[in-house]
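Peer 1:
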Amino acid sequence: MPLYLTDEQAMLRDTARDFVAEHAPVSHMRALRDAGDSTGFSRGLWRQFAELGLTGILIPEAQGGLGLGHVEAGVVLEEIGRNLSPSPFLATAVGAVEALKGSAHADRWFPGIVAGETVAALAIDEGAKHNGRIAMRAERSGNGFRLSGTKQFVAHGHVADLLIVAARTEGGTTLFALPRDTAGLTVTPERLADAGIAARLTFDGVEVDADAVIGEVDRGDAPLARMLAGGRVGASAELLGVGGGAMDRTVSYLKERKQFGQPIGSFQALQHRAAHLYSEMEVARAAVLKAQQLLDAGDPGATDAVSVAKAMTSLATTLAVQEGIQMHGGIGMTDEYDIGFYMKRARVLAELFGDANFHADALARAAGY
Amino acid sequence: MAEDPETFRTETRSWLEANCPPAMREPMRSDKDATWGGRNPSFAHPDQKVWMDRMGARGWTVPDWPREYGGGGLSAAETKILREEMARLRCRNPLNSFGISMLGPALLKYGTEAQKLEHLPKIARGEIRWCQGYSEPNAGSDLAGLQTSAEDMGDHFLVNGQKVWTSYADEADWIFCLVRTDRTTKQGGISFLLFDMASEGVSTKPILLISGYSPFCETFFDNVKVPKANLLGDLNKGWDVAKYLLGHEREMISGMGLGGSGGNALVEGALRTIGADEGGRLADPLLRAQIALFEVRARAFAAMSERFIDELKAGRAHPAQPSMMKYYGTELNKTRHELVMAAGGSDALEWESEASNHGATPRAWLRTKANSIEGGTSEIQLNIIAKRILELPS
Ligand SMILES: Cc1cc2nc3c(=O)[nH]c(=O)nc-3n(C[C@H](O)[C@H](O)[C@H](O)COP(=O)(O)OP(=O)(O)OC[C@H]3O[C@@H](n4cnc5c(N)ncnc54)[C@H](O)[C@@H]3O)c2cc1C
Chain A
593 MPLYLTDEQA MLRDTARDFV AEHAPVSHMR ALRDAGDSTG FSRGLWRQFA ELGLTGILIP
653 EAQGGLGLGH VEAGVVLEEI GRNLSPSPFL ATAVGAVEAL KGSAHADRWF PGIVAGETVA
713 ALAIDEGAKH NGRIAMRAER SGNGFRLSGT KQFVAHGHVA DLLIVAARTE GGTTLFALPR
773 DTAGLTVTPE RLADAGIAAR LTFDGVEVDA DAVIGEVDRG DAPLARMLAG GRVGASAELL
833 GVGGGAMDRT VSYLKERKQF GQPIGSFQAL QHRAAHLYSE MEVARAAVLK AQQLLDAGDP
893 GATDAVSVAK AMTSLATTLA VQEGIQMHGG IGMTDEYDIG FYMKRARVLA ELFGDANFHA
953 DALARAAGY
Chain B
119 MAEDPETFRT ETRSWLEANC PPAMREPMRS DKDATWGGRN PSFAHPDQKV WMDRMGARGW
179 TVPDWPREYG GGGLSAAETK ILREEMARLR CRNPLNSFGI SMLGPALLKY GTEAQKLEHL
239 PKIARGEIRW CQGYSEPNAG SDLAGLQTSA EDMGDHFLVN GQKVWTSYAD EADWIFCLVR
299 TDRTTKQGGI SFLLFDMASE GVSTKPILLI SGYSPFCETF FDNVKVPKAN LLGDLNKGWD
359 VAKYLLGHER EMISGMGLGG SGGNALVEGA LRTIGADEGG RLADPLLRAQ IALFEVRARA
419 FAAMSERFID ELKAGRAHPA QPSMMKYYGT ELNKTRHELV MAAGGSDALE WESEASNHGA
479 TPRAWLRTKA NSIEGGTSEI QLNIIAKRIL ELPS
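Structure below.
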């Protein structure tokens with residue numbers, strides 16, 4: 593398969609690009625923030641995503657979705673990133689769908705996701721750094737389980753309808769699908785630097801039915817790995833959008849802004865840095881598409897490729913937003929100007945599901961050093 | 119494509135297995151193991167010749183060139199399969215050649231039928247070795263400032279002047295050379311000539327490099343007679359040919375970023391010198407981190423290279439994209455060799471010992487420093503990206 597978008601994928605990208613730019617440009621996010629909105633995103637916009645079929649992008653056609661792959665989901669996420677649109681797309685349409693795919697829970701939750709009514713949140717991390725370790729316990733109790741432990745950095749966790757929770761059971765890892773209003777669960781929303789909201793969840797002996805288990809007890813590693821791979825490659829695509837958006841704004845500014853009687857973009861020192869940034873972003877873009885294609889093909893090389901994509905996009909986009917602010921000069925530091933939002937969003941996404949160091953380390957371990 | 123890809127793959131695999139000598143499946147130990155062909159070829163191992171000849175006879179040294187010019191006549195998809203199968207068996211490149219990677223594409227685009235028929239098959243079979251006469255003492259990055267002249271003498275050109283940094287000029291059979299045919303304009307007065315290095319009036323003088331080798335030369339032309347038929351492209355339009363060829367040169371050089379050995383060789387070296395901690399990880403945690411982060415970029419660049427080739431084949435690549443590939447690939451390759459040196463410690467410093475294969479490691483490290491100079495420096499590539507891709511103002 594060639595490493596560029598097919599005509600159909602490019603068409604989908606154009607549709608997503610027009611739609612997101614029109615309905616959820618950066619000003620949409622700014623308005624939500626300024627209004628002190630406590631949801632963190634717009635439910636109305638989520639339903640509009642559904643009208644285009646996008647919420648079911650990874651859901652099989654037989655279950656009402658579009659039956660497409662990670663390349664297509666990434667095309668949408670890149671536009672979300674470019675416009676900094678607050679959206680439950682990554683957690684719901686990618687993460688939760690990947691976790692539930694092929695399980696009994698799919699029938700229960702997919703219709704709501706397809707309809708744009710259901711929002712999901714992924715409860716994985718237990719500390720400030722994603723490290724893949726799960727300490728949360730799920731002990732047998734009656735004909736169900738009793739959950740104890742805490743989760744953090746759960747995007748939309750305070751308003752989600754569905755929570756996907758990973759816990760340790762006697763013989764391994766088990767993944768649970770819970771309604772958020774499950775009794776005994778304490779949810780504390782925390783606003784993040786990018787104005788998004790992520791929750792801390794405290795499970796203090798929360799009782800759940802056995803049928804909350806996704807797939808089989810002790811066999812949660814497979815759906816968890818699927819969910820994480822989708823989440824990581826999806827976050828990489830969103831990072832590409834954030835970095836690309838920041839870079840495009842910066843390059844335009846270099847052409848517009850005059851100092852010393854000429855556009856600042858004519859100064860070679862800035863030209864070289866912009867050209868270097870462009871190169872990093874292009875390389876990151878190739879890494880993302882490679883990972884998406886391998887994931888869609890079920891290739892065993894996908895795990896490494898996903899780590900490369902997440903690490904590379906974190907590095908490239910971090911550079912894009914840093915250069916973005918620096919090259920904008922003083923105006924880049926103002927809240928009124930949008931470039932700063934890019935920096936904040938990039939930081940959040942860089943942390944999500946493992947940062948560049950985490951994924952570089954994963955590659956090293958996989959290679960045996 | 120004549121047959122279905124899986125059949126082609128199976129047949130290719132068995133042909134390679136039967137025909138690639140085992141010695142040609144071993145990694146090269148140093149630059150000297152490369153095969154360059156030419157009128158007076160030198161081979162460090164007899165199988166180099168066997169392998170070059172077998173591949174050349176099939177046209178597989180240049181798989182996607184047309185058959186009538188000595189190529190393999192393969193489609194893009196078949197060429198990709200051949201490369202994949204060669205990589206799977208770890209087959210060495212059968213022939214290193216500026217003819218293949220630089221002049222060939224320019225001949226295919228700008229050559230007359232007679233020029234193509236004369237030169238391309240010899241390039242494909244490794245019979246003629248070419249060198250590149252672009253740079254001059256006062257025309258490096260500012261290449262169009264070149265002064266070597268070719269005077270129209272009716273039936274031939276008379277060439278006078280000096281080139282510098284001409285790689286392998288002393289071992290090459292022919293040169294492709296930029297000459298000035300009009301002094302009144304800069305770019306518009308350059309022509310592209312092909313001529314035999316054995317012509318009267320051509321002389322070369324090797325230049326010693328920091329690696330201790332002298333792979334390139336000063337090249338002098340003193341009243342060299344060049345037949346008019348050896349003009350490639352139109353008179354005074356040589357700059358177009360030169361730029362087209364540079365695009366291919368940059369592509370070739372960017373391939374170095376992919377590195378023959380990959381990150382694993384780096385790690386093996388480091389584990390030998392530094393050892394592992396109790397957890398089995400490289401005992402120098404900072405070096406381990408540097409290698410791991412390098413690996414991220416190297417693998418991402420491998421994806422970029424694949425994408426670039428796919429886009430080129432489909433005619434979708436930006437014409438200035440080779441500059442980005444060259445810039446990124448060469449900087450990456452320099453980083454790789456810095457890490458090789460860091461991992462190797464004092465073992466990697468041995469310059470002459472048998473064990474070090476005559477200092478292959480430090481000499482290769484030093485050689486990579488040229489990657490971001492030859493074929494246009496990194497700074498020049500960044501200028502091109504800024505102007506032609508990002509369209510920043512001058
Ligand atoms: C190993 C090796 C093999 C080579 N093989 C060949 C060959 O076979 N044939 C051939 O013709 N040539 C060959 N070259 C020559 C090569 O193409 C030139 O060295 C190269 O183009 C740079 O020119 P220069 O050395 O004159 O450097 P200069 O042009 O003098 O550059 C010096 C420094 O100034 C910087 N600089 C120059 N102009 C600008 C600008 N506008 N903006 C910013 N920075 C600038 C450069 O980037 C560099 O850092 C080879 C070089 C090497 C090192």
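Residue numbers (my numbering), protein chains in the order written: chain A, 593 to 961; chain B, 119 to 512.
The beta-carbon is built from N, C-alpha and C at its ideal position, and this holds for glycine as well.
#1: Rounded to whole angstroms, what is the Cα-Cα separation between residue 314 of chain B and residue 296 of chain B?
#2: Could you confirm whether any beta carbon from chain B is found closer than 8 Å to the beta carbon of residue 913 of chain A?
#3: Mind listing the chain A neighbours of residue 507 of chain B? Cutoff is C-beta to C-beta under 7 Å, in chain order.
#4: Any residues in the region 842–871 of chain A with a beta carbon nearer than 7 Å to a beta carbon of chain B? Which ones, in chain order?
#5: Counting only beta-carbon atoms, is residue 445 of chain B nearer than 8 Å to chain A?
#6: Quick check on the burial criterion: 16 or more other C-beta atoms within 10 angstroms. Buried or exposed for residue 823 of chain A?
#7: Just tell me which of B:157, B:164 and B:483 has its CA closest to the CA of residue 316 of chain B.
#8: Any beta carbon from chain B within less than 8 Å of residue 882 of chain A's own beta carbon?
#9: If you follow the alpha helix (DSSP H) that residue 950 of chain A is in, where does it begin and where does it stop?
#10: Please classify residue 341 of chain B: is it buried, with 16 or more other beta-carbons within 10 angstroms of its beta-carbon, or exposed?
#11: Kindly examine ligand 1 and report whether one of its heavy atoms sits closer than 7 Å to the Cβ of residue 928 of chain A.
#12: What runs of the beta strand (DSSP E), each 3 residues or longer, lie entirely inside the region 254–288 of chain B?
#13: For residue 231 of chain B, does the count of other Cβ atoms within 10 angstroms reach 16, so buried, or fall short, so exposed?
#14: Measuring alpha carbon to alpha carbon, tell me which residue in A:606, A:623, A:601 and A:609 is nearest residue 933 of chain A.
#15: Counting C-beta neighbours from all protein chains within 10 Å, is the total for residue 764 of chain A 16 or more, i.e. buried, or is it exposed?
#16: Would you report the Cα separation of residue 726 of chain A and residue 717 of chain A, rounded to the nearest angstrom?
#17: Using beta-carbon positions only, say whether residue 462 of chain B and residue 391 of chain B come within less than 8 Å of one another.
#18: Which residues share a DSSP beta bridge with residue 294 of chain B?
#19: Runs of 4 residues minimum, wholly inside the region 793–858 of chain A: which ones carry the alpha helix (DSSP H) assignment?
#20: Does residue 419 of chain B come out as helix, strand or coil in the three-state DSSP assignment?
#21: Across which residues does DSSP place residue 783 of chain A in a beta bridge pair?
#22: Is it true that the CB of residue 868 of chain A sits closer than 8 Å to the CB of residue 903 of chain A?
#23: Taking 7 Å as the cut-off, does the CB of residue 214 of chain B come closer than this to any heavy atom belonging to ligand 3?
#24: For a cutoff of 8 Å on Cβ pairs, would you count residue 123 of chain B as touching chain A?
#25: Could you tell me the distance, in whole angstroms, from the CA atom of residue 336 of chain B to the CA atom of residue 254 of chain B?
#26: For residue 255 of chain B, would you say it is in contact with chain A, using Cβ-to-Cβ distances shorter than 8 Å as the test?
#27: Counting only the same chain and skipping the five closest in sequence on each side, list residues whose C-beta sits under 8 Å from that of residue 627 of chain A.
#28: Starting from the C-beta of residue 948 of chain A, find all residues in its chain whose C-beta is less than 6 Å away, skip the five residues before and the five after it, and write them out in chain order.
#29: Using a Cβ-based criterion (distance less than 7 Å to any ligand heavy atom), does residue 492 of chain B qualify as near ligand 1?
#30: Any heavy atom of ligand 1 closer than 7 Å to the Cβ of residue 313 of chain B?
#31: Do residue 879 of chain A and residue 821 of chain A count as a contact pair if the criterion is CB distance below 8 Å?
#32: Round the Cβ separation of residue 816 of chain A and residue 758 of chain A to the nearest angstrom and send it over; I've been treating them as touching at under 8 Å.
#33: Measuring CA to CA, which of B:491, B:262, B:121 and B:343 is closest to residue 356 of chain B?
#34: Please tell me whether residue 449 of chain B and residue 423 of chain B are closer than 8 Å, where the distance is taken between their beta carbons.
#35: Got a sec: which bits of the region 416–436 of chain B sit with their beta carbon under 7 Å from any beta carbon on chain A, in order along the chain?
#36: Distance, Cα to Cα, residue 425 of chain B vs residue 596 of chain A?
Peer 2: Put simply:
#1: 14 Å
#2: no
#3: 870
#4: 843, 846, 847, 855, 857, 858, 863, 864, 866, 867, 868, 870 and 871
#5: yes
#6: buried
#7: B:157
#8: yes
#9: 948–959
#10: exposed
#11: no
#12: 267–270 and 274–285
#13: exposed
#14: A:623
#15: exposed
#16: 8 Å
#17: yes
#18: B:250 and B:312
#19: 813–848
#20: helix
#21: A:789
#22: no
#23: Inclusion of ligand 3 in the displayed structure is not the case, the ligand content consisting of ligand 1 alone.
#24: no
#25: 9 Å
#26: no
#27: none
#28: 903, 906 and 907
#29: yes
#30: no
#31: no
#32: 6 Å
#33: B:262
#34: no
#35: 417, 418, 419, 421, 422, 424, 425, 428, 429, 432 and 434
#36: 7 Å
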